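Chains as they are written, first to last, in this note's numbering: chain A, 52 to 264; chain B, 52 to 264. All C-beta atoms, glycine included, are put in the ideal place defined by N, C-alpha and C. Quantities reported herein were computed from a predicted structural model and do not represent experimental measurements.
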DNA sequence: TATTTTACTGACCATCTGTTCAGTGTCAAG
DNA sequence: CTTGACACTGAACAGATGGTCAGTAAAATA
């Protein structure tokens, strides 16, 4: 890939990268025109839409500066995200803003964990050895995407009463099992018809793990 | 710092972060107004200029979407480090630049792994299950600090012949053991007086681990 | 109690922005 | 010579955008 671009298109793409990196926002049509001595906005527009068709740019319609990088290299895009590490499970649905339970921050790369953006990810420090056979040890930080449901086999963070646990989510018929990866612990059963029972709630899905030795 | 902001100002700052992360460009005055139910652009403008004065935002005059983060970004720029992920152990001492074995990049936070700088860290994708009891699974990426020696108990990356393995480093008298964390595998013994023997070499110490689910 | 600060409203303006349309010159292939 | 793709020009337009001004209601401060 990259061979399907004309020299000018490649230069324009580079300019958009540079401009965005330098200013924090993409250029307007007219800013591109000035840079490349194109006297009509439609000239720049022509190239941007070509680049859009080829998958190198995303163009938001009727949106000023609505031209952003897409695709393979993904280098100069700001992939980093400052993720809060929490000591215990957050109270509200996604309201992890409470600073009293914030242990610190880590910079993570959402792309590594298969997400385009890291906006609502949070880290949770694991206590206990209930998931030791899944390679999740006490002291590890799991990267959590908050969501109230999960797929069969997902590793999830669940809240029971006031405690948080990391478990594997299993669905068998209308029964939901939260299975620990440790034979010393018992799985938790939730009736799918009435998930509120037993005061168990899926907080989110574990999308990653980081550990410091 | 951070205490000099009103709750609303903090929320607006968070919104700008989230919007920019999601869309690739900052919001307009009116987009901020809509989000916070402010009916006048001057209401949003008022807050943005407060945030600008306090150094949290840079505001480009007469520029659409000309509002960008300051401060937290420069803070995170120091901590962030783009670490190469390698598919196999590098050949030379710290010569991991060879692009043919570079699998990709991740952005990591060296501080999380207890290092002030991440300049020479590299990632290594683990194959095999020799360290499964230490919570290191096949497919995990270990964060390696290249160095030829280690302390007793360190998890290290060692090269034997052409293969790389992750092992626990143990020193007993003048004997060095590289112990797998899997009873199915045998420990490797190195004579401390002559480490070159048996063609075994410590490549570096594992300082961290990252895993995508 | 009086004054200042905070956080806006509402109206309006000049300019900026993306979009559209009807053409134009260049160049290579048929 | 003709056709068609490419890379534009030039003009016009509706709506979006940042900026300005005068005023206000509530809260904090003196």
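For residue i, which residues from the same chain have a beta carbon less than 6 Å from its beta carbon, with the 5 sequence-adjacent residues on both sides left out?
i: residue 188 of chain B; result: none
i: residue 185 of chain B; result: 232
i: residue 164 of chain B; result: 194, 258 and 259
i: residue 183 of chain A; result: 233
i: residue 59 of chain B; result: none
i: residue 70 of chain A; result: 78
i: residue 211 of chain B; result: 251
i: residue 1 of chain A; result: This structure gives no information on residue 1 of chain A, because the portion of chain A shown stretches from 52 to 264.
What span of residues does the beta strand (DSSP E) with residue i cover, start to end?
i: residue 69 of chain A; result: No beta strand (DSSP E) contains residue 69 of chain A, which is instead part of the alpha helix (DSSP H) from 58–74.
i: residue 137 of chain A; result: 132–137
i: residue 166 of chain A; result: Neither: residue 166 of chain A is in no beta strand (DSSP E) and is coded neither H nor E.
i: residue 120 of chain A; result: 118–120
i: residue 85 of chain B; result: Unbroken run through residue 85 of chain B is the alpha helix (DSSP H), 80–87; no beta strand (DSSP E).
i: residue 211 of chain B; result: 206–211
i: residue 197 of chain A; result: 192–197
Which residues of chain B have a Cβ atom closer than 8 Å to the Cβ of residue i, listed in chain order?
i: residue 77 of chain A; result: 75 and 76
i: residue 116 of chain A; result: 76, 115 and 116
i: residue 119 of chain A; result: 74, 75 and 76
i: residue 187 of chain A; result: 186
By DSSP's criteria, residue i is part of a beta bridge. Which residues make up the other side?
i: residue 156 of chain A; result: A/135
i: residue 112 of chain B; result: Answer by DSSP bridge pairing: none, since residue 112 of chain B is not bridged.
i: residue 220 of chain A; result: A/229
i: residue 239 of chain A; result: A/229
i: residue 257 of chain B; result: B/195
i: residue 215 of chain A; result: A/210
i: residue 252 of chain A; result: A/210
By the DSSP assignment, the alpha helix (DSSP H) with residue i in it spans what residues?
i: residue 96 of chain B; result: 92–104
i: residue 264 of chain A; result: From DSSP, residue 264 of chain A is part of no alpha helix (DSSP H); its letter is neither H nor E.
i: residue 176 of chain B; result: That residue, residue 176 of chain B, is in no alpha helix (DSSP H); its beta strand (DSSP E) goes 173–176.
Tell me which residues share the same chain as residue i and place their Cβ nearer than 7 Å to its Cβ, disregarding the 5 neighbours each side in the sequence.
i: residue 179 of chain B; result: 189
i: residue 89 of chain B; result: 95
i: residue 200 of chain B; result: 253
i: residue 99 of chain B; result: 108, 110 and 118
i: residue 101 of chain A; result: 60
Cβ closer than 7 Å: which chain B residues qualify as neighbours of residue i?
i: residue 264 of chain A; result: 206, 257, 258 and 259
i: residue 157 of chain A; result: 160 and 163
For residue i, which residues of its own chain have a beta-carbon under 8 Å away from its beta-carbon, when the five flanking residues on both sides are left out?
i: residue 67 of chain B; result: 77, 78, 83, 108, 118 and 120
i: residue 143 of chain B; result: Since pLDDT at residue 143 of chain B reaches only 41, below the 50 mark, its modelled position is unreliable, and no value is offered.
i: residue 146 of chain A; result: Low local confidence applies: a pLDDT of 38 at residue 146 of chain A is under 50, so the model's placement there is unreliable, and no value is given.
i: residue 177 of chain B; result: 187, 188, 189, 190, 191, 192, 193 and 217
i: residue 10 of chain B; result: As displayed, chain B neither begins before 52 nor continues past 264, which places residue 10 of chain B out of reach and without an answer.
i: residue 204 of chain B; result: 219, 220 and 221
Which residues in chain A have a C-beta closer than 7 Å to the C-beta of residue i? List them in chain order.
i: residue 254 of chain B; result: Residues of chain A passing the Cβ test: none, with the nearest at roughly 15 Å.
i: residue 165 of chain B; result: 263
i: residue 195 of chain B; result: Correct list: empty, because the minimum Cβ distance to chain A is about 10 Å.
*Taking only beta carbons into account, state which residues of the region 218–238 of chain B come closer than 9 Å to chain A, listed in chain order.*
none
*Check each residue of the region 80–106 of chain A: if its Cβ is closer than 9 Å to any Cβ of chain B, include it; give the result in chain order.*
none
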